[in-house]
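Novice: Quick note on the working numbering: the sequence shown kicks off at 6 and runs consecutively. Each residue gets a CB set at the ideal place from its N, CA and C atoms; glycine is no exception. Quick caveat: nothing in here was measured; it's all calculated off a predicted structure. I have a structure here, written as structure tokens, and I will follow up with some questions on it.
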Amino acid sequence: MNNSRIGNLLNYNKSEKECLLKNHEINNSRLKAKTSPRETDLVIFLGHKKYVFQSRYLKSMLKEVMDGKISAKSALFSIKKHYLDDSGQTKKAQEALVDVFPEIEFFEDIIQNQENISIGQNSYSGFKYDFENYNGKDLFDEIVIDCLQCIANCDDDTEASAVQIIGLLEDRITDIRKLNTQQQARINDLIGSLLQDYKKSKLEDIFHYDTHLSTVGIYLAVTQDSYLALKYFLETEEGTYDLNFQDKTSGDNLLITAVCHKSEDCLEILINERKKHGKSVDMPINKNGETAFLLSAKLGFFNAFELLCKAGADTTKLTNSGMDWLYLALSSKDNSFIEKILQENEHLPDPLCSKVIQQSKGILEYASIFSCDDLVIKNLPKEKLQISQLIFKLHFLGLILSKASGSIGSVSRAVLSDYLKKYADLRQNAIAKNLKVVIENEGHWVNLTTHPKNNPIKEKCRCVNLMFNDLNRHTKAYIALDNNPNSNDEKFIIDCNGGAEPVKLESTTKITGFLTEKKKSIGKECSGVTVFKVVQLNEEDNSFKEKIKAAREKSHYIEKNLQLIFKKHVVEKRQATGNCTYFSPMLALSTLWGVIDLEQRGVSWEANSAYFQKLKAACAKQENYQAFESWLSKTVLKEAMEIYSKMDVEQFKEKYPQLYIEKIDILTRSLAQLIIDSKNQKDLAEIVALIPGNLFQAVFSRMYSHSDQKLPEPFLIYLAYNHSKKFSKILQIVSQEQVEKLLSIEDILGISLLDHISMDADLLGKFSNKAQAIIEKLLQEEVPTNLITFNLKKRKQSFGDSSITKKSKCELPFFNDFK
6 MNNSRIGNLL
16 NYNKSEKECL
26 LKNHEINNSR
36 LKAKTSPRET
46 DLVIFLGHKK
56 YVFQSRYLKS
66 MLKEVMDGKI
76 SAKSALFSIK
86 KHYLDDSGQT
96 KKAQEALVDV
106 FPEIEFFEDI
116 IQNQENISIG
126 QNSYSGFKYD
136 FENYNGKDLF
146 DEIVIDCLQC
156 IANCDDDTEA
166 SAVQIIGLLE
176 DRITDIRKLN
186 TQQQARINDL
196 IGSLLQDYKK
206 SKLEDIFHYD
216 THLSTVGIYL
226 AVTQDSYLAL
236 KYFLETEEGT
246 YDLNFQDKTS
256 GDNLLITAVC
266 HKSEDCLEIL
276 INERKKHGKS
286 VDMPINKNGE
296 TAFLLSAKLG
306 FFNAFELLCK
316 AGADTTKLTN
326 SGMDWLYLAL
336 SSKDNSFIEK
346 ILQENEHLPD
356 PLCSKVIQQS
366 KGILEYASIF
376 SCDDLVIKNL
386 PKEKLQISQL
396 IFKLHFLGLI
406 LSKASGSIGS
416 VSRAVLSDYL
426 KKYADLRQNA
436 IAKNLKVVIE
446 NEGHWVNLTT
456 HPKNNPIKEK
466 CRCVNLMFND
476 LNRHTKAYIA
486 LDNNPNSNDE
496 KFIIDCNGGA
506 EPVKLESTTK
516 ITGFLTEKKK
526 SIGKECSGVT
536 VFKVVQLNEE
546 DNSFKEKIKA
556 AREKSHYIEK
566 NLQLIFKKHV
576 VEKRQATGNC
586 TYFSPMLALS
596 TLWGVIDLEQ
606 RGVSWEANSA
616 YFQKLKAACA
626 KQENYQAFES
636 WLSKTVLKEA
646 MEIYSKMDVE
656 QFKEKYPQLY
666 IEKIDILTRS
676 LAQLIIDSKN
686 QKDLAEIVAL
696 IPGNLFQAVF
706 SRMYSHSDQK
716 LPEPFLIYLA
726 YNHSKKFSKI
736 LQIVSQEQVE
746 KLLSIEDILG
756 ISLLDHISMD
766 ADLLGKFSNK
776 AQAIIEKLLQ
786 EEVPTNLITF
796 NLKKRKQSFG
806 DSSITKKSKC
816 ELPFFNDFK
């Protein structure tokens, strides 16, 4: 470090000054090696100063001067011209030249002190040095010249010259290794000088004051995808670089940087380097919570993805926003990458073990969101595809019946649209057909009602208009209560997903809205809606509370509209709550079904209690939404069970036990709801017929493992009369109290059922003494095989279904089973 460099330290702040001095100390041993004379070096003393000549070219120039052939000034001019062309004679380049060749100062000292120094032909004879003949070719000089040219360019473009030095290393790495130790040390100093300038230019966004130059070099090598340059810095600067370096802006570490720049070779070298030092490939994470593994999935960089998996990357990690590797992979929309990660590979994580995917309707939902469902269906192995299809159906069924967590987003909305069409065609239902049109028209207002003609109280009447809009991959339904939904006069937006952000509808006039302050009631007392009063954009500077206050002062309709259309006692359903509260689209369909039903019967929407009562009654009508939900749930259950019957269930249970339990629980809760909602034995028969035999006991066992879920007695009685074998299995599950009650029902134990029970020693062993006494008594009695009678009055009390007891014996399905 020359005097000018030391002087420059005064221009740095304390932290940077300490850093530069520290770097200088680390390189001190190299500096000694650089200046220590060798046998082939020429050492000259001038006064009290010592000059060590190592360059053959400089030795030749010294010989010319000492022979008196040229002056020291001419020699100095020739030296600068040799190492620095005309365009490269910048101040930085000249300083770097003196740094790499301190002996150049000999010529400068001669020039400054030439009156006191006499150099003649014999001035060097006492050194006994045999000058080498310089033939104009020197590998060391060539490399120095290339480095100095990069430094000269630094004044114009620091980053470009840094990139150039990496290119130089790529080209010259073999030559550099041929140099002796002192020469290599001098080349390292030149490169360090360049890296110092690059670091200084990037202190604000990438580097820290204490970032060692070796780390800067490694970072630069990775960004330029230069594994040769990376190996050079790792080998020559071992012990000084920071493997845990993170840039200031994003917090990306070196592995992440390699992934971002698609530097596969560099990534592999860095992975091995971290392993050598016992460091994880998952740390440190960047500011988004991403690891190199997660980022490789996000960017669709398969080779990096596989490398990191083999290196032991944690495949269960999530980003700060809760996204895992499979979600990020599907969002990459890189078809080639998605194909590879779905195929069987022992080194890659299992898509069905994805944390995010397990929390929803599975991989098929996210594949649809990112428009790669056909690709997933084609490339997912058969057994995993069947499991995925079952997961999707069961979760969708759970959402319909409010027995699964989550929301009905854009994918479910598309599926729901298909089912509405099937239902409309099957039942010739005009309302279902209209609602299909409504939920398909994303971003466009659809009129659900009209204004009554010649209504004298027009102020009290409003149209109901609906718009669906996908925002952040969640479906939001906006209902405008206004004469003209495209006007900005008096418009209210009801956000059917709740949430905590004002609505922004790009398809209208970029309107914004206000949230109701009743956040605590969202998803509990009310139906999870949020009412927005539309305001102009120039009011954006107002505070949130001021906006709420202004909205309420300007219009008294906000609370009334909220209570009128979505008041809790229209439909008693709690809302699903995830990371925010979602309005149930099924509840919206139920309400809107009632609105359209009234409209078709000539009852227009009005903001009064009389209309509210009519709407409540319309929502409760069996033939409206409830009929659709009943059909839909049974249809989805049937489709799910068809998939179940074709798959290897044991493999599913063994390979994905937690996933199996979660989805069976959803099925269990859904079946319990379907059984409770059944109106007659025909409904029960349809449900029982859909459940495969190998699943029957497993499902109902899970049902009884939940304290809040019990099979209703009418269903058990139905099984006893119609499915004796299944009933005997159920008796192993239900409580002893319920067993005793069932066995006490007159004539419930026919010959067939009695045989099943008496032949099952394990079952009998589980019975209470009272239940066993009932069985023993019946076995001792003679039971007619051709006639079963029963008490209709008692049967009515047990079943609780008056519609069934009105039928004759021969019409009852359980009676016919015993003929």
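Got a sec? Which residues, its chain only, sit under 6 Å from tyrosine 665 by beta carbon, not counting five neighbours each side?
Specialist: The residue you call residue 665 lines up with position 660 of the sequence shown. The answer, listed in chain order, is Phe657 and Lys658.
Novice: Could you say if the stretch 295 to 309 and the stretch 324 to 331 meet the contact criterion of at least three C-beta pairs nearer than 8 Å?
Specialist: Segments in contact, yes.
Novice: I'd like the list of long-range same chain contacts for lysine 284, defined as Cβ closer than 7 Å, with 5 residues on each side in sequence excluded.
Specialist: The sequence position of residue 284 within the sequence shown is 279, counting from 1. Leu248, listed in sequence order.
Novice: What first and last residue would you give for the beta strand (DSSP E) that runs through isoleucine 49?
Specialist: In the sequence shown, counting from the first residue as 1, residue 49 sits at position 44. 47 to 51 is the extent of the beta strand (DSSP E) around isoleucine 49.
Novice: For the candidate residues Val608, Ala615, Lys54 and Ala625, whose alpha-carbon lies nearest to that of isoleucine 596?
Specialist: Along the sequence shown, one-based indexing puts residue 596 at 591. A quick correction: the sequence has threonine, not isoleucine, at residue 596. Ranking Val608, Ala615, Lys54 and Ala625 by Cα distance to threonine 596 puts Ala625 first.
Novice: Using the C-alpha atoms, what's the distance from isoleucine 750 back to glutamine 702?
Specialist: Residue mapping note: residue 702 aligns to position 697 of the sequence shown, counting from 1. Residue mapping note: residue 750 aligns to position 745 of the sequence shown, counting from 1. If you take the alpha carbons of glutamine 702 and isoleucine 750, they lie about 23 Å apart.
Novice: Got a sec? Which residues, its chain only, sit under 7 Å from threonine 241 by beta carbon, not counting five neighbours each side?
Specialist: Translated into the one-based positions of the sequence shown, residue 241 becomes position 236. For threonine 241, where only same-chain residues beyond five positions count, the Cβ hits under 7 Å are Asn193.
Novice: Helix, strand or coil for asparagine 384 per DSSP?
Specialist: The sequence position of residue 384 within the sequence shown is 379, counting from 1. Asparagine 384: helix per DSSP, three-state reduction.
Novice: Can you tell me whether DSSP reads glutamine 618 as helix, strand or coil?
Specialist: The residue labelled residue 618 in the question sits at position 613 within the sequence shown. Helix, per DSSP.
Novice: Can you give me the C-alpha to C-alpha distance between serine 740 and leucine 672, rounded to a whole angstrom?
Specialist: For the purposes of this step, residue 740 is taken as the residue at position 735 of the sequence shown. For the purposes of this step, residue 672 is taken as the residue at position 667 of the sequence shown. Rounded to whole angstroms, serine 740 to leucine 672 spans 21 Å at the Cα level.
Novice: State the Cα-Cα distance for the pair isoleucine 115 and tyrosine 62, rounded to the nearest angstrom.
Specialist: For the purposes of this step, residue 115 is identified with residue 110 of the sequence shown, where counting begins at 1. For the purposes of this step, residue 62 is identified with residue 57 of the sequence shown, where counting begins at 1. Rounded to the nearest angstrom, the two C-alpha atoms are 18 Å apart.
Novice: Are the beta-carbon atoms belonging to proline 717 and isoleucine 692 less than 9 Å from one another?
Specialist: Residue numbering aside, residue 717 sits at position 712 when the sequence shown is read from its first letter. Residue numbering aside, residue 692 sits at position 687 when the sequence shown is read from its first letter. Cβ distance not < 9 Å, so proline 717 and isoleucine 692 don't count as in contact.
Novice: Which one or two residues does DSSP pair with lysine 54 in a beta bridge?
Specialist: As a working mapping, residue 54 is identified with position 49 in the sequence shown. Answer is Leu51, bridged to lysine 54.
Novice: Skipping 5 residues on each side, what residues in its chain have a beta carbon closer than 7 Å to that of glutamate 273?
Specialist: Your numbering for residue 273 matches position 268 in the sequence shown. Counting only Cβ-Cβ distances below 7 Å, and skipping sequence neighbours, we find Leu312.
Novice: State buried or exposed for threonine 254, treating a residue as buried only when at least 16 other CB atoms are found within 10 Å of its CB.
Specialist: The sequence position of residue 254 within the sequence shown is 249, counting from 1. Per the 10 Å Cβ criterion, exposed.
Novice: Compare the C-alpha of methionine 288 against each of Lys267, Ile261, Glu269 and Asp270 and name the closest.
Specialist: Along the sequence shown, read from residue 1 onward, the residue named residue 288 stands at position 283. If we check each option's Cα against that of methionine 288, Ile261 comes out closest.
Novice: Could you check whether leucine 199 and alanine 167 sit closer than 9 Å to each other, using their CB atoms as the reference points?
Specialist: Here residue 167 refers to the residue found at position 162 of the sequence shown. Here residue 199 refers to the residue found at position 194 of the sequence shown. Yes, Cβ-Cβ distance for alanine 167 and leucine 199 is below 9 Å.
Novice: Quick one: which unbroken alpha helix (DSSP H) runs of 4-plus residues sit fully inside the stretch 418 to 452? Chain order, please.
Specialist: You should have 435 to 445.
Novice: Find out if the Cβ-Cβ distance for the pair proline 386, glutamate 344 is shorter than 9 Å.
Specialist: Counting from one through the sequence shown, the residue named residue 386 turns up at place 381. Counting from one through the sequence shown, the residue named residue 344 turns up at place 339. No; because the gap between Cβ atoms is not below 9 Å, this pair is not in contact.
Novice: Among residues of its own chain, excluding the 5 on either side of valine 608, which ones have a beta-carbon nearer than 8 Å to its beta-carbon?
Specialist: On the sequence shown, position 603 is the one that residue 608 refers to. Here the set comprises Tyr616 and Lys619.
Novice: Can you list, in chain order, the residues of its chain with a C-beta nearer than 8 Å to that of proline 356? Leave out the 5 residues immediately preceding and following it.
Specialist: Here residue 356 refers to the residue found at position 351 of the sequence shown. Within the same chain, proline 356 has close Cβ partners Leu331, Ile346, Leu347, Ile362, Ile368, Leu385 and Lys389.
Novice: Are the stretch 628 to 647 and the stretch 428 to 443 in contact at 8 Å, needing three or more beta carbon pairs?
Specialist: Yes, the stretch 628 to 647 is in contact with the stretch 428 to 443.
Novice: On the three-pair Cβ rule with 8 Å, is the stretch 174 to 182 touching the stretch 232 to 246?
Specialist: Because the criterion of three Cβ pairs below 8 Å is met, the stretch 174 to 182 and the stretch 232 to 246 touch.
Novice: Is the distance from the Cβ of leucine 81 to the Cβ of phenylalanine 106 below 9 Å?
Specialist: As a position in the sequence shown, residue 81 is number 76, starting the count at 1. As a position in the sequence shown, residue 106 is number 101, starting the count at 1. No, Cβ-Cβ distance for leucine 81 and phenylalanine 106 is not below 9 Å.
Novice: Just how far apart, CA to CA, sit leucine 695 and threonine 640?
Specialist: Against the sequence shown, residue 695 aligns to sequence position 690. Against the sequence shown, residue 640 aligns to sequence position 635. Near 10 Å, if we compare the C-alpha coordinates of threonine 640 and leucine 695.
Novice: Going by DSSP, what residue range makes up the alpha helix (DSSP H) through glutamate 370?
Specialist: For the purposes of this step, residue 370 is identified with residue 365 of the sequence shown, where counting begins at 1. Unbroken alpha helix (DSSP H) run through glutamate 370: 368 to 374.
Novice: Sort Arg707, Asp104 and Tyr224 by Cα distance to arginine 848 and report the nearest one.
Specialist: An answer regarding residue 848 cannot be provided, because it is not within the stretch 6 to 824 covered by the chain.
Novice: Sort out for me which residues DSSP pairs asparagine 258 with in a bridge.
Specialist: For the purposes of this step, residue 258 is taken as the residue at position 253 of the sequence shown. Answer is Gln251.
Novice: Please classify asparagine 340: does DSSP put it in a helix, a strand, or coil?
Specialist: In the sequence shown, residue 340 corresponds to position 335, counting from 1. Correct three-state label for asparagine 340: helix.
Novice: From isoleucine 462 to serine 407, what does the alpha carbon distance come to, in whole angstroms?
Specialist: Position 457 of the sequence shown holds residue 462. Position 402 of the sequence shown holds residue 407. With a pLDDT of only 38 at isoleucine 462, under 50, the local geometry of the prediction cannot be trusted, and the value read off the model is given with reservation. The alpha-carbon atoms of isoleucine 462 and serine 407 are separated by roughly 40 Å.
Novice: Relative to the alpha-carbon of tyrosine 723, which residue among Leu689, Pro697 and Ile49 has its alpha-carbon at the smallest distance?
Specialist: If you number the sequence shown from 1, residue 723 lands on position 718. Ranking the options by Cα distance to tyrosine 723, first place goes to Leu689.
Novice: Which one of Leu144, Lys731 and Tyr203 has the shortest CA to CA distance from proline 697?
Specialist: Taking the first residue of the sequence shown as 1, we reach residue 697 at position 692. Taking only the C-alpha atoms, the option nearest proline 697 is Lys731.
Novice: May I ask you to report which of helix, strand or coil DSSP gives alanine 316?
Specialist: Locating residue 316 in the sequence shown gives position 311, counting from the first residue. Of the three classes helix, strand and coil, the one that applies to alanine 316 here is coil, per DSSP.
Novice: Keeping to the same chain, check which residues put their C-beta closer than 7 Å to that of isoleucine 148; ignore five residues upstream and five downstream.
Specialist: For the purposes of this step, residue 148 is taken as the residue at position 143 of the sequence shown. Correct list, in chain order: Arg177, Asp180, Ile181 and Ile192.
Novice: Can you tell me where the alpha helix (DSSP H) holding histidine 217 begins and where it ends?
Specialist: If you number the sequence shown from 1, residue 217 lands on position 212. Unbroken run through histidine 217: none, as it is neither H nor E.
Novice: Using 9 Å as the threshold, is the C-beta distance between isoleucine 223 and leucine 239 below it?
Specialist: As a working mapping, residue 223 is identified with position 218 in the sequence shown. As a working mapping, residue 239 is identified with position 234 in the sequence shown. Yes; because the gap between Cβ atoms is below 9 Å, this pair is in contact.
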